[in-house]
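Have a look at the structure below, then the notes.
In this note's numbering, the protein residues as written are 8 to 296.
Structure representation (structure tokens):
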């Protein structure tokens with residue numbers, strides 16, 4: 008068989024459904040949110056290799072699980088006949104398949120006419136630019152707007168071993184506002200109109216340059232951290248964008264407020280081995296997480 012289909016006991020055959028592609032990492036939180044709102048959830052692995060690689064997938068959160076093996080029409084055939092409300096990429100690896108499934112099923116999703124820009128536009132892949140200061144802008148799109156949930160400045164590590172880091176930014180200020188306008192234009196150019204997205208920008212002396220723009224969750228996204236620092240839960244916001252446009256519009260009239268500061272450190276481990284002691288480790292482990 009091209010697809011593996013596993014039906015959970017008591018699945019809501021008559022319910023409205025949400026289809027999530029590659030729901031791992033932060034994207035694993037989407038299924039419980041949609042199910043809490045009365046929808047059935049179907050998971051699609053974008054490939055057998057993805058199924059084997061994912062360790063954070065929670066099958067119990069889904070009513071059905073499918074594995075895509077390259078035949079789009081076979082996948083769409085299994086999903087047709089169900090009232091599907093939305094098809095979303097729950098991670099960056101799911102963007103391409105979610106795009107095509109949404110079009111095949113005739114439900115809201117990225118603009119099919121802009122697929123070339125999403126898949127082949129240059130520069131459109133992370134790492135395309137190396138000059139300038141790096142920024143990451145994560146957004147949720149819906150009702151004709153792109154609302155940025157968290158914006159970060161990336162600072163590279165030092166040769167002496169000091170870790171690289173990301174710093175959460177206040178959305179106010181001319182530089183960040185300029186970056187938001189640039190990222191929103193990139194999302195429009197790619198026809199990304201619903202759900203989460205991740206954009207990487209380099210701010211050079213010649214202006215902002217796009218390093219990557221794709222639908223799906225930032226691999227480093229932490230919804231609990233975002234909620235603590237900005238007061239906004241991106242998981243609930245994505246569900247609102249898909250299911251409750253009026254509520255999404257009301258929640259996104261103003262930029263997020265920076266209530267607490269956040270900094271992500273990119274720690275480079277030493278050669279293989281086990282760390283038994285480290286200066287400050289006791290203080291670090293005593294901090295709330």
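By construction, the Cβ of each residue, glycine as well, lies at the ideal position given by its N, Cα and C atoms.
Owing to the predicted nature of the structure, the values given are computational and were not obtained by experimental measurement.
Item	Value
Among 170, 66, 210, 228, whose alpha-carbon lies nearest the alpha-carbon of residue 27?	66
Can you check whether the CB of residue 73 is closer than 8 angstroms to the CB of residue 249?	no
Do the stretch 160 to 174 and the stretch 89 to 106 meet, that is, are 3 or more Cβ pairs less than 8 angstroms apart?	no
Counting along the chain, where does the beta strand (DSSP E) carrying residue 171 start and finish?	171 to 175
Could you check if residue 209 is buried or exposed, using at least 16 other CB atoms within 10 Å of its CB as the buried criterion?	buried
Can you tell which of 42, 87, 143 has its C-alpha closest to the C-alpha of residue 206?	143
Give every residue of the same chain whose Cβ lies closer than 6 angstroms to the Cβ of residue 212, excluding the five residues on either side of it in the sequence, and list them in chain order.	none
By a C-beta neighbour count over all protein chains shown, 10 Å radius and 16 as the cutoff for buried, is residue 68 buried or exposed?	buried
Have a look at residue 141 and residue 219 and give me their C-alpha separation to the nearest angstrom.	11 angstroms
Which first and last residues belong to the alpha helix (DSSP H) in which residue 106 is found?	102 to 112
Suppose you measure from the CA of residue 285 to the CA of residue 51; what does that come to, to the nearest Å?	42 angstroms
Nearest-angstrom Cα distance between residue 291 and residue 171?	18 angstroms
Find the nearest neighbour of residue 32 within the set 274, 111, 226, 46, judged by alpha-carbon distance.	226
Determine the burial state of residue 182: buried for a count of at least 16 other Cβ atoms within 10 Å of its Cβ, exposed for fewer.	exposed
According to DSSP, is residue 63 helix, strand or coil?	coil
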